[in-house]
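Peer 1: According to our numbering, the stretch in the sequence shown is residues 16 to 177, in order.
Beta carbons: idealized from backbone N, C-alpha and C, even for Gly.
My questions will all concern the structure given below.
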Amino acid sequence: MTTVIKVEKLTKKFGDLTALNEIDFSVLEGEVHGLLGANGAGKTTAMRCLLGLINVTSGDMYLMGEKIKKNNHIQRKDISYLSGDFRSYENMRSIDYFKYLLRLENSKSKRYEDLSNRFDLDFNRKIADLSKGNKQKVGIVQAFMKSPKLLILDEPTGGLDP
Numbered sequence: 016m017t018t019v020i021k022v023e024k025l026t027k028k029f030g031d032l033t034a035l036n037e038i039d040f041s042v043l044e045g046e047v048h049g050l051l052g053a054n055g056a057g058k059t060t061a062m063r064c065l066l067g068l069i070n071v072t073s074g075d076m077y078l079m080g081e082k083i084k085k086n087n088h089i090q091r092k093d094i095s096y097l098s099g100d101f102r103s104y105e106n107m108r109s110i111d112y113f114k115y116l117l118r119l120e121n122s123k124s125k126r127y128e129d130l131s132n133r134f135d136l137d138f139n140r141k142i143a144d145l146s147k148g149n150k151q152k153v154g155i156v157q158a159f160m161k162s163p164k165l166l167i168l169d170e171p172t173g174g175l176d177p
């Protein structure tokens with residue numbers, strides 16, 4: 016099986032604070048993994064390092080065999096990410112937001128329609144007018160709608176009803 020994520024001796028420091036200290040892990044294609052830990056343990060920091068959103072202090076990371084570099088958009092084209100503090104264009108309706116994201120990727124996928132229907136998401140309301148839970152549903156749909164090879168979710172159920 017192909018190694019999709021490989022992390023070697025990942026360290027991230029914020030001044031004197033060591034958020035991640037030489038962590039190692041790998042994920043094979045088809046596997047599902049979770050990062051568990053207390054608030055402030057570094058889970059979100061690890062995900063943001065993996066995505067090249069923040070610089071690491073030391074260590075190496077690979078996504079689908081390619082070494083991760085900060086802001087490498089080519090590596091991220093097959094990856095979807097839902098941040099724990101998901102935000103979108105509040106003045107847009109969800110349908111316009113989904114279509115906008117698809118245009119950025121030159122995609123004509125209509126998968127967002129099925130996903131939105133499953134979540135009973137109202138296409139015609141502005142995102143700003145949605146409840147916290149429905150805004151989270153918009154985030155989940157945007158993460159899944161392009162059928163990514165790799166999906167990274169940070170607290171995906173936050174704000175959702177049980």
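(1) When you compare the CB positions of MET76 and LEU68, do they come within less than 8 Å of one another, or not?
(2) For the stretch 45-105, which segments carrying the beta strand (DSSP E) assignment without a break, of at least 3 residues, lie completely within its bounds, in sequence order?
(3) With DSSP as the reference, identify every bridge partner of ARG183, one or two as the case may be.
(4) Per DSSP, what kind of secondary structure is PHE134 in: helix, strand or coil?
(5) Whole-angstrom Cβ separation of LEU116 and PHE159, contact assumed at under 8 Å?
(6) Is the beta carbon of LEU35 closer than 8 Å to that of THR60?
(7) With a CB to CB cut of under 8 Å and the five nearest residues on each side skipped, what residues in its chain are close to LYS164?
(8) Helix, strand or coil: which one does DSSP assign to LEU117?
(9) Evaluate contact between the stretch 119-127 and the stretch 140-150, counting only Cβ atoms and requiring at least three cross-stretch pairs below 8 Å.
(10) Please state whether the Cβ-Cβ distance between VAL153 and TYR104 is less than 8 Å.
(11) Let me check one thing: in DSSP terms, what residues is GLU23 bridge-paired to?
(12) Check this for me: beta carbons of VAL156 and LEU136, under 8 Å apart or not?
(13) Any idea which residues DSSP pairs LEU175 with across the strands?
(14) Tell me whether ASP169 sits in a helix, a strand or coil according to DSSP, three-state version.
Peer 2: The structure says:
(1) no
(2) 73-78, 94-97
(3) Missing from the structure shown is residue 183; the chain here goes from 16 to 177 and no further.
(4) coil
(5) Taking 8 Å as the upper bound for CB-CB distance, LEU116 and PHE159 are not in contact here, some 12 Å apart.
(6) yes
(7) VAL19, MET79, ASP93, ILE94
(8) Under the three-state reduction of DSSP, LEU117 is assigned to helix.
(9) no
(10) Between VAL153 and TYR104, the CB-CB gap reaches or exceeds 8 Å.
(11) ASP75
(12) yes
(13) Paired residues: none, contrary to the question.
(14) ASP169 falls in the coil class under three-state DSSP.
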